[in-house]
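J.: Supplied in structure tokens, the structure appears directly below.
Numbering (our numbering), first residue to last: 10 to 288.
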């Protein structure tokens with residue numbers, strides 16, 4: 010309770026007004042935007058042309074983790090502008106020196122990434138388990154399109170679920186989060202980042218699962234999902250976009266299941282495989 014009251018007193022009226030409009034401090038905005046842009050540039054250079062469509066191999070674990078962190082920086086960090094800005098303002102309001110503020114914000118981001126790296130490890134293990142079973146029914150020429158389509162339809166259903174809306178509300182309410190969960194020190198910042206990261210995973214795990222269904226190296230889908238997550242978290246009326254995103258996922262899921270060769274934004278792994286064999 011004391012921590013909550015202290016944080017509440019630390020926030021000036023101007024900071025509250027800025028955060029109410031979803032406007033983080035300009036310095037942290039530039040840093041986050043720069044990191045996101047650098048990550049996108051890295052993906053364009055390193056991952057361009059690696060998309061083989063659904064079933065694209067995830068490579069060895071160290072390579073996957075390195076690529077996953079770059080992907081997280083590009084896809085998830087832009088939607089964290091409000092939280093990063095809020096944390097910076099709160100630290101400034103509590104009189105913390107600039108060096109300490111930068112260190113605490115880095116610690117918060119690190120904790121956030123820890124939560125998403127955990128998600129990535131779970132996804133990698135599930136993918137490895139399915140590949141180890143070597144089930145023919147999962148092949149693209151068999152039931153692969155139905156499975157990919159089912160993932161997109163399931164992600165759409167999650168978009169309109171109560172848990173999604175609860176987690177999205179948490180992602181859009183930085184002041185409320187910090188008032189309830191404030192912790193001092195670098196370890197406290199990591200803990201807060203991890204806790205917030207878990208809420209963010211709860212909000213976006215289904216959208217990220219779409220990546221594994223349509224092709225983990227698809228830059229087109231990465232960009233599209235980044236826009237979705239940024240819009241629903243940052244825009245003033247972003248919560249109203251969730252059913253529209255769900256509708257898009259349902260249409261694409263049905264299209265992929267019924268006519269995968271004509272589905273837009275999707276590479277046919279059979280065609281890619283035949284081209285590779287030709288070389």
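We put the CB at the ideal spot given by N, CA and C, even for glycine.
In this text, all values refer to a predicted model and were calculated from it rather than measured experimentally.
Short check: CB of residue 88 to CB of residue 243, under 9 Å?
T.: For the purposes of this step, residue 88 is identified with residue 79 of the chain shown, where counting begins at 1. For the purposes of this step, residue 243 is identified with residue 234 of the chain shown, where counting begins at 1. In this structure, residue 243 lies closer than 9 Å to residue 88 by Cβ.
J.: Determine the direct distance from the alpha carbon of residue 145 to that of residue 151, and round the result to whole angstroms.
T.: Position 142 of the chain shown, counted from the first residue, corresponds to residue 151. Position 136 of the chain shown, counted from the first residue, corresponds to residue 145. Between residue 151 and residue 145, the C-alpha separation is close to 7 Å.
J.: In three-state DSSP terms, what is residue 255?
T.: The sequence position of residue 255 within the chain shown is 246, counting from 1. Looking at residue 255 - three-state DSSP - the assignment turns out to be helix.
J.: Give the single residue among 260, 204, 177 and 139 whose Cα lies nearest to the Cα of residue 239.
T.: Here residue 239 is taken as the residue at index 230 of the chain shown, counted from 1. Of the listed residues, the one whose Cα sits closest to residue 239 is 177.
J.: Which term fits residue 270, buried or exposed, when burial requires 16 or more other beta carbons within 10 angstroms of its beta carbon?
T.: Translated into the one-based positions of the chain shown, residue 270 becomes position 261. Under this definition residue 270 is an exposed residue.
J.: For the stretch 225-233 against the stretch 150-164, are there 3 or more C-beta pairs whose distance is under 8 Å?
T.: no
J.: Measure the C-alpha to C-alpha separation of residue 250 and residue 220 and round it to an integer number of angstroms.
T.: In the chain shown, counting from the first residue as 1, residue 250 sits at position 241. In the chain shown, counting from the first residue as 1, residue 220 sits at position 211. Those two C-alpha atoms are separated by around 20 Å.
J.: Just to confirm, are residue 161 and residue 223 a CB contact at a threshold of 9 Å?
T.: Translated into positions along the chain shown, residue 161 becomes position 152. Translated into positions along the chain shown, residue 223 becomes position 214. The answer is yes: Cβ separation under 9 Å.
J.: Suppose only complete runs of 4+ residues qualify. What are the alpha helix (DSSP H) ranges in the stretch 150-215, listed by chain order?
T.: 153-168, 171-180 and 183-190
J.: Based on Cα-Cα distance, which residue from 45, 42 and 66 lies nearest to residue 278?
T.: Translated into positions along the chain shown, residue 278 becomes position 269. Closest by alpha carbon: 66.
J.: Excluding five sequence neighbours on each side, which residues of the same chain lie with their C-beta closer than 6 Å to the C-beta of residue 168?
T.: On the chain shown, residue 168 is found 159 positions in, with the first residue counted as 1. The answer, listed in chain order, is 251, 254 and 255.
J.: Quick one, which of 263, 59, 198 and 141 has its alpha-carbon nearest residue 95's?
T.: The residue labelled residue 95 in the question sits at position 86 within the chain shown. Checked all of 263, 59, 198 and 141; the closest Cα to residue 95 is 198.
J.: Can you tell me whether residue 105 is helix, strand or coil according to DSSP?
T.: Locating residue 105 in the chain shown gives position 96, counting from the first residue. Looking at residue 105 - three-state DSSP - the assignment turns out to be coil, as it is neither helix nor strand.
J.: From what residue to what residue does the alpha helix (DSSP H) around residue 71 run?
T.: Locating residue 71 in the chain shown gives position 62, where the first residue counts as 1. Run containing residue 71: 70-84, per the alpha helix (DSSP H) assignment.
J.: Check whether the stretch 184-191 touches the stretch 100-117, taking contact to mean three or more Cβ pairs, one atom from each stretch, closer than 8 Å.
T.: no
J.: DSSP three-state label for residue 87, please.
T.: In the chain shown, the residue the question calls residue 87 occupies position 78. Secondary structure at residue 87: helix, using DSSP grouped into helix, strand and coil.
J.: So the candidates are 50, 84, 233 and 131; which of them puts its Cα closest to the Cα of residue 70?
T.: Counted from its first residue, the chain shown places residue 70 at position 61. Per the Cα distances, 131.
J.: Do the CB positions of residue 93 and residue 55 come within less than 9 Å of each other?
T.: In the chain shown, residue 93 corresponds to position 84, counting from 1. In the chain shown, residue 55 corresponds to position 46, counting from 1. Contact flag unset, no.
J.: Should residue 42 be labelled buried (16 or more other beta-carbon atoms within 10 Å of its own) or exposed?
T.: Looking up residue 42 in the chain shown gives position 33. By the neighbour-count rule (16 or more Cβ atoms within 10 Å), residue 42 is not buried but exposed.
J.: State the Cα-Cα distance for the pair residue 246 and residue 175, rounded to the nearest angstrom.
T.: In the chain shown, residue 246 corresponds to position 237, counting from 1. In the chain shown, residue 175 corresponds to position 166, counting from 1. Roughly 15 Å between the two C-alpha positions.
J.: Give the range of the alpha helix (DSSP H) segment to which residue 145 is assigned.
T.: Residue 145 sits at position 136 when you count from the first residue of the chain shown. Careful: residue 145 lies outside any alpha helix (DSSP H) and carries neither H nor E.
J.: The alpha helix (DSSP H) that contains residue 242, what's its start and end?
T.: For the purposes of this step, residue 242 is taken as the residue at position 233 of the chain shown. It spans 228-243 - the alpha helix (DSSP H) in which residue 242 sits, taken as one unbroken run.
J.: Could you give the distance in angstroms between the alpha-carbon of residue 38 and the alpha-carbon of residue 209?
T.: Looking up residue 38 in the chain shown gives position 29. Looking up residue 209 in the chain shown gives position 200. Put simply, the backbone Cα of residue 38 is about 19 Å away from that of residue 209.
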